[in-house]
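Which chain is which? The protein sequence lines are B and Y, in order.
Numbered according to the working numbering, the first sequence spans residues 1 to 116.
Numbered according to the working numbering, the second sequence spans residues 1 to 113.
Reading through the structure tokens given below for one structure.
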Amino acid sequence: GESVGLHLPTLSVQEGDNSIINCAYSNSASDYFIWYKQESGKGPQFIIDIRSNMDKRQGQRVTVLLNKTVKHLSLQIAATQPGDSAVYFCAENANAGGTSYGKLTFGQGTILTVHP
Amino acid sequence: SAVISQKPSRDICQRGTSLTIQCQVDSQVTMMFWYRQQPGQSLTLIATANQGSEATYESGFVIDKFPISRPNLTFSTLTVSNMSPEDSSIYLCSVERQGYGYTFGSGTRLTVV
Numbered sequence: 001g002e003s004v005g006l007h008l009p010t011l012s013v014q015e016g017d018n019s020i021i022n023c024a025y026s027n028s029a030s031d032y033f034i035w036y037k038q039e040s041g042k043g044p045q046f047i048i049d050i051r052s053n054m055d056k057r058q059g060q061r062v063t064v065l066l067n068k069t070v071k072h073l074s075l076q077i078a079a080t081q082p083g084d085s086a087v088y089f090c091a092e093n094a095n096a097g098g099t100s101y102g103k104l105t106f107g108q109g110t111i112l113t114v115h116p
Numbered sequence: 001s002a003v004i005s006q007k008p009s010r011d012i013c014q015r016g017t018s019l020t021i022q023c024q025v026d027s028q029v030t031m032m033f034w035y036r037q038q039p040g041q042s043l044t045l046i047a048t049a050n051q052g053s054e055a056t057y058e059s060g061f062v063i064d065k066f067p068i069s070r071p072n073l074t075f076s077t078l079t080v081s082n083m084s085p086e087d088s089s090i091y092l093c094s095v096e097r098q099g100y101g102y103t104f105g106s107g108t109r110l111t112v113v
């Protein structure tokens, strides 16, 4: 079936650096994308989302970029902090037009480690 | 966003037994989702649970193994039946609320011995 995958399974950065986590998706019908952060022993926590009618969206210290041409999604974290260390997942939904509900398909996950 | 409570948070079970996981939401939601996260892996959807109708299962998951109840708009249960060590995973409940996106519970960490 359709899947969402990640280029880099692990990423190590120094505190204060910017981090970029990438995700490739294969379902061209996907129109809603979400980035989640999962810390050890916890469920996924929403970070930021973007709809397919946008190519960039910014939050607090985070930016999501969407390139529909090459089916690529990225999460940029500015001034990465040790508290950002976690597993990051991208997820896609292909039913988010109008009434938004439907299942999410998750990517592989990237382990981000931030060194002080 | 919705607040989700999952019980139990973790359990160690004997093979051949069954475990029922509860998911309680602090607001009414139309759809609830159950995911499995095997050790070191990503999340895989097991089924979608609508109130008042049978759950819709994803490929590779069957009702006899993972029966689901959805008695009202704030509660659901997932049972892992006739467990084997391969069922050792984190099981996660999720809800979607229009305008608020998807929220996950903290998960149930199941170990089958």
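Built from N, CA and C at the ideal position, the CB exists for glycine as well.
Per-residue DSSP class, three states only, for residue i
i: GLU58 (chain Y); result: coil
i: GLY83 (chain B); result: helix
i: PRO44 (chain B); result: coil
i: GLU115 (chain Y); result: A question about residue 115 (chain Y) goes unanswered here, because the residues of chain Y that appear run from 1 up to 113.
i: MET32 (chain Y); result: strand
i: ILE21 (chain B); result: strand
i: PHE66 (chain Y); result: coil
Cβ separation of residue i and residue j, assumed to be a contact under 8 Å, to the nearest whole Å
i: SER19 (chain B); j: ILE77 (chain B); result: 4 Å
i: THR79 (chain Y); j: PRO67 (chain Y); result: 5 Å
i: SER88 (chain Y); j: THR111 (chain Y); result: 5 Å
Residue-level contact to chain B via CB, residue i, 8 Å cutoff
i: PHE104 (chain Y); result: yes
i: LEU78 (chain Y); result: no
i: SER88 (chain Y); result: no
i: GLY101 (chain Y); result: yes
i: GLN107 (chain Y); result: For the record, residue 107 (chain Y) in the displayed sequence is Gly; it is not Gln. With 8 Å as the cut-off, GLY107 (chain Y) counts as an interface residue toward chain B.
Any chain Y beta carbon closer than 8 Å to residue i
i: LYS103 (chain B); result: yes
i: ILE34 (chain B); result: yes
i: ASP17 (chain B); result: no
i: GLN14 (chain B); result: no
Contacts that residue i makes with chain A (C-beta to C-beta distance below 9 Å)
i: LEU92 (chain Y); result: Any reference to chain A falls outside this structure, whose protein chains are B and Y.
Near-chain Y residues of the region 80 to 94 of chain B (beta-carbon distance less than 7 Å), N- to C-terminal order: PHE89
Interfacial residues, the region 41 to 52 of chain B to chain Y, with Cβ spacing under 7 Å: LYS42, GLY43, PRO44, PHE46, ASP49
Stretch pair the region 15 to 28 of chain Y + the region 30 to 44 of chain B: three plus CB contacts closer than 8 Å: no
Members of the region 27 to 49 of chain Y near chain B, C-beta cut-off 7 Å: THR30, MET31, PHE33, SER42, LEU43, LEU45, THR48
Positions along the region 51 to 66 of chain B whose CB lies within less than 7 Å of some CB in chain Y: none
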